[in-house]
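As given, the protein sequences belong to chains A and B, one line each in that order. Using the numbering used here, count along the first sequence one by one with no gaps and you end on 1266. Using the numbering used here, count along the second sequence one by one with no gaps and you end on 1266.
Number of protein chains: 2
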Amino acid sequence: MTSMLGHALLSLLARRPGTGYDLTQRMRRPVGYFWAANHSQIYPELARLEEGGLVRHRVVEGAGPRPTKRYTITAAGRRALDGWLRSPVSDPPTRDEETLRVWSLWTLDPPSALAYLRARRTQHATRLAEYEALQAEVAAERGAHEPTQPLWSDHAALQGGILGRRAEVAWHDWMIDRLGGTAPPTRAGDSVDPPTG
Amino acid sequence: MTSMLGHALLSLLARRPGTGYDLTQRMRRPVGYFWAANHSQIYPELARLEEGGLVRHRVVEGAGPRPTKRYTITAAGRRALDGWLRSPVSDPPTRDEETLRVWSLWTLDPPSALAYLRARRTQHATRLAEYEALQAEVAAERGAHEPTQPLWSDHAALQGGILGRRAEVAWHDWMIDRLGGTAPPTRAGDSVDPPTG
DNA sequence: CTCTCATATGTCAACTCTGACATATGAGAG
DNA sequence: CTCTCATATGTCAGAGTTGACATATGAGAG
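See below:
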């Protein structure tokens, strides 16, 4: 019944309460790395969750120019989140523009294809470096790394991002190699096996 | 102007012409691995592409119970496809249910989390085995592996799928390991470095 | 003879998401 | 004094997507 965005918001509120504006910021980073949403989706979705009794709000004065609504997850909301995590993962329809382009790449002349792949490779390497920097920050945080603490999930989600980006970089290197090109010089973030775990 | 689905269809028709029904099948496999679509989207989209002069159809009798429309890409369609491949990749909003769940996994008791991760790991390993089998088929095909042939893109797209799935399996093993569990026994498709290139 | 399946093409209501539009104030820069 | 930015909350048109509904025939199984 609850949408994926609804579950993302419940997950956010399970960590700590927040206003719509605050949740919008937290959706941008870090949630946006794996589930993007605008404030124009978030405000109506919060209203829907409240209608279903999964969240509750109290008006807080003085926090900004307008009356601010501070949302909290309810017991029913926690149950909904738990039920979702125990439900089977819906095999999601894949939508990957990058692979679609590669699947069409044979129509380009090889030099253009090579230029395309090199540009993409650089972008993935940059993203990888960003994730590795974040992971270093998370790893440096003291304590609370037990599996029942939010920090554990932060760490695990980032590790997924890192492994995924490394796979993208390796994939592009593989393709560039097969097109007879040379990979760009190694930069920060191109690392292949630093001890990030 | 043209949607992503439109480009997927142009890419499909650049390989060879086909009817709406035929394109629906080809969208299921292999295109569905990276861009899913139903026939209820495909028929209207073909009409839109035709309106824009990017494809053309001729009615073919005898192919089925109804008059069948056989679509072909036009010169304008090929130009549109080329222009798309040369345009910058739109940084797409990420929507990854799997990572969202992991980010919420700290709310589950560790045994449940472990059971969840083991089930997902098995599913990714199965998908990996499927891709590797397809890759073996593609690799066995004679000739035409040059970068300007469709087979080159088939091969490259599959390689992306394989590296991506391997990363997912490795990620889940990493998480299972950190939850203090033991990985399930190695099965076909769990391979870590077969010479698939 | 009937049932089911593959062929073959379409429509439609509901839901999600995007990007723009709209409103309003306090703080700080120039 | 004015401009811009962060705060803070919303609406809305349009596009994309899903899943069901709708129609119709030929081939093969039982």
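We treat Cβ as the ideally placed atom computed from N, Cα and C, and that holds for glycine. These numbers were taken from a predicted model, which means no experiment stands behind them.
Which residues mark the beginning and the end of the alpha helix (DSSP H) in which arginine 1234/A is found? Mapped onto the first sequence, residue 1234/A falls at position 165. For arginine 1234/A, the enclosing alpha helix (DSSP H) covers residues 1219-1247.
Partners in chain A for valine 1207/B, counting only beta-carbon separations shorter than 8 Å: To locate residue 1207/B, count along the second sequence from 1; it is residue 138. Correct list: empty, because the minimum Cβ distance to chain A is about 12 Å.
Hey, aspartate 1242/A and phenylalanine 1103/B are a contact pair by Cβ (cut 8 Å); roughly how many whole angstroms apart? The residue labelled residue 1242/A in the question sits at position 173 within the first sequence. The residue labelled residue 1103/B in the question sits at position 34 within the second sequence. The C-beta distance from aspartate 1242/A to phenylalanine 1103/B rounds to 20 Å, too long to meet the 8 Å contact threshold.
Which residues share a DSSP beta bridge with valine 1171/A? As a first step, residue 1171/A must be located in the first sequence, where it is residue number 102. Beta-bridge annotation (DSSP): valine 1171/A is not paired with any residue.
Could you tell me if methionine 1096/B is buried or exposed, where buried requires 16 or more neighbouring beta carbons within 10 angstroms of its beta carbon? Taking the second sequence and counting its residues from 1, the one referred to as residue 1096/B is at position 27. Methionine 1096/B is buried by the Cβ-count criterion.
Using the beta-carbon count (16 or more within 10 Å), is methionine 1244/A buried or exposed? In the first sequence, residue 1244/A corresponds to position 175, counting from 1. Buried: at least 16 other Cβ atoms inside 10 Å.
Buried or exposed: which applies to aspartate 1223/A, given that a residue is buried once 16 or more other Cβ atoms fall within 10 Å of its Cβ? Within the first sequence, residue 1223/A is the residue found at index 154, counting from 1. Per the 10 Å Cβ criterion, buried.
Range of the contiguous alpha helix (DSSP H) that encloses tyrosine 1185/B: To locate residue 1185/B, count along the second sequence from 1; it is residue 116. Segment 1179-1209, the alpha helix (DSSP H) holding tyrosine 1185/B.
Span of the beta strand (DSSP E) holding tyrosine 1102/B? The residue labelled residue 1102/B in the question sits at position 33 within the second sequence. Note, tyrosine 1102/B: premise wrong, no beta strand (DSSP E); not H, not E.
Starting from histidine 1076/B, trace the alpha helix (DSSP H) both ways and give me its first and last residue. In the second sequence, residue 1076/B corresponds to position 7, counting from 1. Residues 1073-1084.
Cβ neighbours of leucine 1203/A in the same chain (closer than 7 Å, five flanking residues each side left out): Along the first sequence, read from residue 1 onward, the residue named residue 1203/A stands at position 134. For leucine 1203/A, the CB contacts under 7 Å within the same chain, skipping 5 residues up- and downstream, are Leu1227 in chain order.
Compile a chain-ordered list of the residues in the region 1203-1232 of chain B whose CB is closer than 7 Å to at least one CB of chain A. Using a CB distance below 7 Å, the part of the region 1203-1232 of chain B facing chain A consists of Pro1216, Thr1217, Gln1218, Pro1219, Trp1221, Ser1222, Ala1225, Ala1226, Gln1228, Gly1229, Leu1232, ordered along the chain.
Mapping DSSP to helix, strand and coil, what is threonine 1088/A? Within the first sequence, numbered from 1, the residue matching residue 1088/A stands at position 19. Assigned with DSSP and collapsed to three states, threonine 1088/A falls in strand.
Could you name the residues of chain B that leucine 1123/A contacts, counting a contact when the two beta carbons are closer than 7 Å? Taking the first residue of the first sequence as 1, we reach residue 1123/A at position 54. The premise fails here: leucine 1123/A is roughly 14 Å from chain B at the closest Cβ pair, so nothing lies under 7 Å.
Using a beta-carbon distance below 8 Å, is methionine 1070/B in contact with chain A? Here residue 1070/B corresponds to residue number 1 of the second sequence, with the count starting at 1. Closer than 8 Å: no.
Roughly how many whole angstroms lie between the Cα atoms of proline 1162/A and glutamate 1130/A? Working through the first sequence from its first residue, we reach residue 1162/A at position 93. Working through the first sequence from its first residue, we reach residue 1130/A at position 61. Those two C-alpha atoms are separated by around 43 Å.
Below 8 Å, how does it come out for the region 1209-1216 of chain A and the region 1177-1186 of chain A: are there three or more Cβ pairs, yes or no? Under the three-pair Cβ rule at 8 Å, the region 1209-1216 of chain A does not count as touching the region 1177-1186 of chain A.
From what residue to what residue does the beta strand (DSSP E) around arginine 1139/A run? Here residue 1139/A refers to the residue found at position 70 of the first sequence. Taken as a continuous stretch (DSSP letters only), the beta strand (DSSP E) holding arginine 1139/A covers 1137-1142.
Quick one, which of Leu1248/A, Met1070/A, Asp1246/A, Ala1194/A has its alpha-carbon nearest glycine 1122/A's? By 1-based counting over the first sequence, the position of residue 1122/A is 53. Ranking the options by Cα distance to glycine 1122/A, first place goes to Met1070/A.
According to DSSP, which residues form a beta bridge with histidine 1214/A? Against the first sequence, residue 1214/A aligns to sequence position 145. The partner list for histidine 1214/A (beta bridge, DSSP) is empty, contrary to what the question assumes.
Through-space distance from alanine 1083/A to leucine 1092/B, alpha-carbon basis: Counting from 1 along the second sequence, the entry for residue 1092/B is found at position 23. Counting from 1 along the first sequence, the entry for residue 1083/A is found at position 14. Rounded to the nearest whole angstrom, the CA to CA distance from leucine 1092/B to alanine 1083/A is 45 Å.
Nearest-angstrom Cα separation, counted from leucine 1232/A out to alanine 1106/A: Position 37 of the first sequence holds residue 1106/A. Position 163 of the first sequence holds residue 1232/A. Rounded to whole angstroms, the separation of the alpha carbons of leucine 1232/A and alanine 1106/A is 24 Å.
Measure the alpha-carbon distance for leucine 1078/B versus leucine 1150/B and round it to whole angstroms. What you label residue 1078/B is simply residue 9 of the second sequence in a count that begins at 1. What you label residue 1150/B is simply residue 81 of the second sequence in a count that begins at 1. One C-alpha to the other measures close to 10 Å.
Can you tell me which residues form a DSSP beta bridge with valine 1128/A? Mapped onto the first sequence, residue 1128/A falls at position 59. According to DSSP, valine 1128/A shares a beta bridge with Lys1138/A.
Quick check: the Cα distance between glycine 1020/A and arginine 1125/B, rounded to an integer number of angstroms? Outside the modelled stretch of chain A, which goes from 1070 to 1266, sits residue 1020/A, for which no answer is possible.
Taking the DSSP output, what are the residues bridged to arginine 1164/B? The count along the second sequence starts at 1 and reaches residue 1164/B at position 95. Looking at the DSSP assignment, arginine 1164/B forms a beta bridge with Trp1104/A.
Within 8 Å of any Cβ in chain B, is that where the Cβ of arginine 1187/A sits? Along the first sequence, one-based indexing puts residue 1187/A at 118. At a cut-off of 8 Å, the C-beta of arginine 1187/A has no neighbouring C-beta in chain B.
On the criterion of 16 or more Cβ atoms from any shown chain inside 10 Å, does aspartate 1141/B qualify as buried, or is it exposed? For the purposes of this step, residue 1141/B is identified with residue 72 of the second sequence, where counting begins at 1. Here the sequence assigns threonine to residue 1141/B, which means aspartate is not the residue at that position. That one is exposed.
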